[in-house]
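Trainee: There's a structure below that I have some questions on.
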Amino acid sequence: MKSIKHSKKIRSGKRVFYLPDDEQSHAYQMIKNELIQKYNIQTNSRDEIIKSLISQLTHGDYIYHTIPTINLFIFRTDIKNFFPSIKKHKLYQKLNNSNVLSTKSLQILKEALFSKRTCGIPLGLQFSSHLAEFYLEQFDLEIQENFKPLSYFRYVDDILIIQYDFSQNKHEQTEFKKNFLDKIDTLFSKHHLQRNKGKTEFAFYNQENLKSEMEFNYLGYNFKTAKSQLKINISPDKEAKIIKKINCYVYDYKKGTQSSQEFWKLYYKLKNTIYGVCSHDKRRKLFKFGLGYNYRYVNEDASIEKIIKKMQLSIYSCKLSSYKRNTLLSIIDCEKPKDILAKRYNYLKLSPAQQELIQKRLNMPTVVKHTDFSSKMFFYLYS
């Protein structure tokens, strides 16, 4: 098996992701399976965490999202530069001492972790997230012991802590925040981690009324209270990213040949952004994405309505026939903005005739087998 330093890499901003070949993927998957089976290491899904968070705040009221009369303090942060900052010697020592992995797996990990070209845990490998969970096991325990929170959520490096708020005035809230930060920073330092100060938020929900309404962002959602109800939208930064993506797709079309093929490429890219879409990823595993799946717990119209209006403006900025314009607008056609979240499209259940139509529209160069259609189509669409 070739060394990780010879693996293909892709860059996303400052982050480097490794793309293992088939032989490496098989070996890394075996390590992941060992971690799951022998140490019961599982990564929490984003949807499970958001559902639990809503349940905690509303005491299970999924219909009206009413928040009970209770004083709460919410702290949200993330671990700065998480995967590259993990102390690999400490991680390897813990793995070695725990007897979780076989000697063969430890040797493979040793090569991956201690390559001069990798920092901390390499991103993109099958076991990356599971190793991170293993590394943070003691950190999670100490959060529970030191803060005794009502709820503690962590999705990879994104952290949320909910506690009762016993503050009687603004001064007490300020003092509480200062002491809380000192305590949390001490814990971060103990585990050789850094708190991301730019992504740290405090929110108070206090009936007394130091501040009656709270607002915070977590895992792409914006949570806000209004008259004792929990309002859930897409967070402003994620909303902006979605709008930027839509605008980029339209811009590329306008600057291109504007051929029939390019139009249908635009159509499917916009559809894949807005709908809840099912397809296969590069490893032929089920992959769900798009607004309908990524933001299924949104219960307000505001952020969805803004995305719809921005998409309408982008579409009207193109020189299109009425048929083409209406075809694009049909993607966002709905009675209420929030209804868009119910739209679905499953590329894995298309009939041969439907697949043939898409191939014709996109002018795909070769006829694709039924079982390979979704992965081949996406490669052609986005490459």
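Just remember that the numbering used here sits 1 ahead of the position in the sequence shown, which is counted from 1. C-beta: ideal position from N, C-alpha, C; glycine also.
Beta-carbon within less than 8 angstroms of L151's beta-carbon, same chain only, minus the 5 sequence neighbours each way: which residues are those?
Mentor: Cβ neighbours of L151 beyond the five flanking positions: Q57, L73, I163, Q164, Y165.
Trainee: Below 9 angstroms between beta carbons: does that hold for L107 and R16?
Mentor: It is not a contact, given that the beta carbons lie outside the stated cut-off.
Trainee: What are the residues that DSSP puts in a beta bridge with C434?
Mentor: Examination of residue 434 is not possible in this model, given that the chain is present from 2 through 384 alone.
Trainee: Between which two residues does the beta strand (DSSP E) harbouring T104 extend?
Mentor: Counting along the chain, T104 falls outside any beta strand (DSSP E), though it belongs to the alpha helix (DSSP H) covering 104-114.
Trainee: Distance check for D158 and P85, CA to CA, integer angstroms please.
Mentor: For P85 and D158, the distance between alpha carbons rounds to 12 angstroms.
Trainee: Quick one: Cα of F115 to Cα of K89, how far?
Mentor: C-alpha separation (whole angstroms): 8 angstroms.
Trainee: Pull up the DSSP beta-bridge partners for D48, would you.
Mentor: In the DSSP output, where bridge partners are listed per residue, D48 has none listed.
Trainee: Check T367 in the structure and name its three-state DSSP category.
Mentor: Coil.
Trainee: In the DSSP assignment, find the unbroken alpha helix (DSSP H) run with F374 in it and report its ends.
Mentor: 374-383 is the extent of the alpha helix (DSSP H) around F374.
Trainee: Spatial neighbours of N45 within its chain, please: C-beta separation below 7 angstroms, excluding the five flanking residues on both sides.
Mentor: Within the same chain, N45 has close Cβ partners Y156.
Trainee: Taking the straight line between their C-alpha atoms, what separation do you get for K272 and L382?
Mentor: For K272 and L382, the distance between alpha carbons rounds to 12 angstroms.
Trainee: Terminal residues of the continuous beta strand (DSSP E) containing R297?
Mentor: R297 -> no beta strand (DSSP E), and no H or E assigned at all.
Trainee: Between F189 and the rest of its own chain, which residues show a CB-CB distance below 7 angstroms, the 5 nearest in sequence each way excluded?
Mentor: Q195, R196.
Trainee: Is the beta carbon of F380 closer than 9 angstroms to that of Y348?
Mentor: Contact flag unset, no.
Trainee: Per DSSP, which residues does R118 bridge with? Please list them.
Mentor: For R118, which the question treats as bridged, DSSP gives no partner whatsoever.
Trainee: Indicate the three-state DSSP secondary structure (helix, strand or coil) for L330 in the structure shown.
Mentor: In the structure shown, L330 sits in a helix (DSSP, three-state: H, G or I).
Trainee: Please work out which residues of its chain come closer than 8 angstroms, Cβ to Cβ, to E301, disregarding the five sequence neighbours upstream and downstream, and give them in chain order.
Mentor: Excluding positions up to five away in sequence, the list reads K232, I233, N234, K339.
Trainee: Please name the residue, chosen from Y219, K3, G199, Q25, that lies closest to S53 on a Cα-to-Cα basis.
Mentor: Selected option, being the one with the closest Cα: Y219.
Trainee: Buried or exposed for P21, going by 16 or more other Cβ atoms inside 10 Å?
Mentor: P21 is buried by the Cβ-count criterion.
Trainee: Is the segment 324-343 touching the segment 352-364 in the sense that three or more CB pairs, one from each, lie closer than 8 angstroms?
Mentor: Short answer: they don't touch.
Trainee: For H172 versus I87, is the C-beta distance shorter than 9 angstroms?
Mentor: The answer is no: Cβ separation not under 9 angstroms.
Trainee: With T70 and T59 assumed to form a contact (beta carbons below 8 angstroms), what rounded beta-carbon distance in angstroms separates them?
Mentor: The pair is not a contact, with the Cβ atoms about 13 angstroms apart (cut-off 8 angstroms).
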